[in-house]
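Those protein sequences? They're chains A and B, same order as listed. Per numbering that gives the first Met the number 0, the first sequence starts with residue 0, numbered consecutively. Per numbering that gives the first Met the number 0, the second sequence starts with residue 0, numbered consecutively.
Number of protein chains: 2
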Amino acid sequence: MKRAKKKVFADFMSQRGLKSTKQRDIILDSFLSSDRHLSIEELYLKLRSKHPNIGYATVYRTLKLFAEAGIAREMQFGDGQTRYEHVSEGEHHDHLVCTRCGHIEEFENETIEKLQDEVANSRGFLIERHRLEIYGLCANCRK
Amino acid sequence: MKRAKKKVFADFMSQRGLKSTKQRDIILDSFLSSDRHLSIEELYLKLRSKHPNIGYATVYRTLKLFAEAGIAREMQFGDGQTRYEHVSEGEHHDHLVCTRCGHIEEFENETIEKLQDEVANSRGFLIERHRLEIYGLCANCRK
DNA sequence: ATGCCAATGAATGTCACTTTCATGATGGCG
DNA sequence: CGCCATCATGAAAGTGACATTCATTGGCAT
């Protein structure tokens, strides 16, 4: 799966006439082996220890590229930071966000999706995408 | 309903030992007679023509007060601005957001709410609040 | 190896808040 | 009514998270 995404990204890059660089390789590796909902800052700090020569701007621009290439998606969970989520083709899910520890869980619910379609149809709305987030305390923080 | 909210706000203010001022009265009036999803900037500009003496900071602080008093709620729809929505007691709704014209519609769906509770329960999650937004083209913009 | 064009990173700019601070109002009290 | 402790206001400065600029570096096709 990591391999598949590297392929997707490489294809995207060559298709756009963009170059392969050490930094991009490192950032992609690090992204793919990270938490599924990482902010620019978090990824930048994670890299900094091993690769102090990679700048914030490069991480920022590279994550944007991932999003354009379709292997990442920008998300906002209300903590003031944009987070980049791993995208697997054809997959969609929603989120449970812990307001205490920041933990993010994913879930899927086909019925909810269908009901959303119905709502949109009844209003003449053409759905492009949606977001559903449930905020509260995770099982761990409830103790 | 406007009257009721003014009462709620007045009570909140006196309970907190805060003062009634011309500016706050004007901002409250303007807020209550506005679109249901207004940003600080929008409300500020709306006021500016008639009351050039009211500063941005005052609008900003007053909207925060409305939120604390429970007559408004802060919302993010991904356009980079915080919007303040009118809150009616005990009412909850979700949103359809037009990505072309910015139009925001509200909807309620009891079944979706229940399914969310089920999802949260199955994960041991204690729900505080949730947000569901459907982005796409409104009936008008589809033409 | 060479040259063109993209990539990098330090620095700077932008935007939407958010806070500060000197000045101006409010309202309880005598 | 007048005093004055507080709160409120608004211009300006500060913040934080991006987003862009620009001089320099570095891929890679030839």
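Note that the Cβ used here is the ideal one computed from N, Cα and C, for glycine as well. As the structure is a computational prediction, the values presented were derived from the model and not from experiment.
_Can you check whether the C-beta of A:VAL118 is within less than 8 angstroms of a C-beta belonging to chain B?_
Against the first sequence, residue 118 of chain A aligns to sequence position 119. Under the Cβ criterion of 8 angstroms, A:VAL118 is counted among the residues facing chain B.
*So the beta strand (DSSP E) B:GLN75 belongs to, where does it begin and stop?*
Numbered from its first residue, the second sequence carries residue 75 of chain B at position 76. Residue range 71-75 is occupied by the beta strand (DSSP E) that includes B:GLN75.
*Does the Cβ-Cβ distance between B:SER29 and B:LEU44 come in under 8 angstroms?*
Residue numbering aside, residue 29 of chain B sits at position 30 when the second sequence is read from its first letter. Residue numbering aside, residue 44 of chain B sits at position 45 when the second sequence is read from its first letter. No, these two residues do not count as a Cβ contact at 8 angstroms.
*Over what stretch of residues does the alpha helix (DSSP H) that includes A:ARG35 continue unbroken?*
As a first step, residue 35 of chain A must be located in the first sequence, where it is residue number 36. No alpha helix (DSSP H) contains A:ARG35, which DSSP labels as neither H nor E.
*Under the rule that 16 or more other beta-carbon atoms within 10 Å means buried, what is A:GLN148, buried or exposed?*
The structure shown does not extend to residue 148 of chain A, since chain A is modelled only from 0 to 142, so the question has no answer here.
*Ordered along the chain, which non-local residues of its own chain (more than five positions away) have a Cβ less than 8 angstroms from that of A:CYS100?*
On the first sequence, residue 100 of chain A is found 101 positions in, with the first residue counted as 1. Close CB contacts of A:CYS100 within its chain, under the 8 angstroms cut and outside five residues either way in sequence, are with CYS137, ASN139, CYS140 (chain order).
*Take every Cβ of the region 1-10 of chain A, pair it with every Cβ of the region 61-73 of chain A, and state whether three or more of those distances are shorter than 8 angstroms.*
Flag = yes, the region 1-10 of chain A and the region 61-73 of chain A touch.
*Quick one: what does DSSP say B:LEU95 is sitting in, helix, strand or coil?*
Counting from one through the second sequence, the residue named residue 95 of chain B turns up at place 96. For B:LEU95, the three-state secondary structure derived from DSSP is strand.
*Please list, in chain order, all residues of the same chain as A:LEU95 whose beta carbon is under 6 angstroms from its beta carbon, the five residues on each side excluded.*
Along the first sequence, read from residue 1 onward, the residue named residue 95 of chain A stands at position 96. Correct list, in chain order: GLU104, ILE133.
*With distances taken between CB atoms, is the gap from B:PHE8 to B:LEU37 smaller than 8 angstroms?*
Working through the second sequence from its first residue, we reach residue 8 of chain B at position 9. Working through the second sequence from its first residue, we reach residue 37 of chain B at position 38. Result no, Cβ atoms of B:PHE8 and B:LEU37 do not sit closer than 8 angstroms.
*A:GLU73 versus A:TYR59 - alpha carbon distance*: Translated into the one-based positions of the first sequence, residue 73 of chain A becomes position 74. Translated into the one-based positions of the first sequence, residue 59 of chain A becomes position 60. Cα-Cα distance, rounded: 12 angstroms.
*Nearest to B:LYS21 by alpha carbon, out of B:GLU84, B:THR57, B:ARG82?*
The residue given as residue 21 of chain B occupies position 22 in the second sequence. Selection B:GLU84, B:THR57, B:ARG82 evaluated against B:LYS21 yields B:THR57 as nearest (Cα-Cα).
_4 or more residues per run - each alpha helix (DSSP H) lying fully within the region 86-135 of chain B_ = Counting only runs of 4 or more, we get 109-121.
*Option nearest B:ARG122 by Cα separation, candidates A:ARG130, A:PHE124, A:ASN120, A:CYS97*: The residue you call residue 122 of chain B lines up with position 123 of the second sequence. B:ARG122 has its Cα closest to that of A:CYS97, out of A:ARG130, A:PHE124, A:ASN120, A:CYS97.
_Cross-strand partners of A:GLU84 (DSSP beta bridge)_ = As a position in the first sequence, residue 84 of chain A is number 85, starting the count at 1. For A:GLU84, which the question treats as bridged, DSSP gives the partners A:HIS36, A:ARG72.
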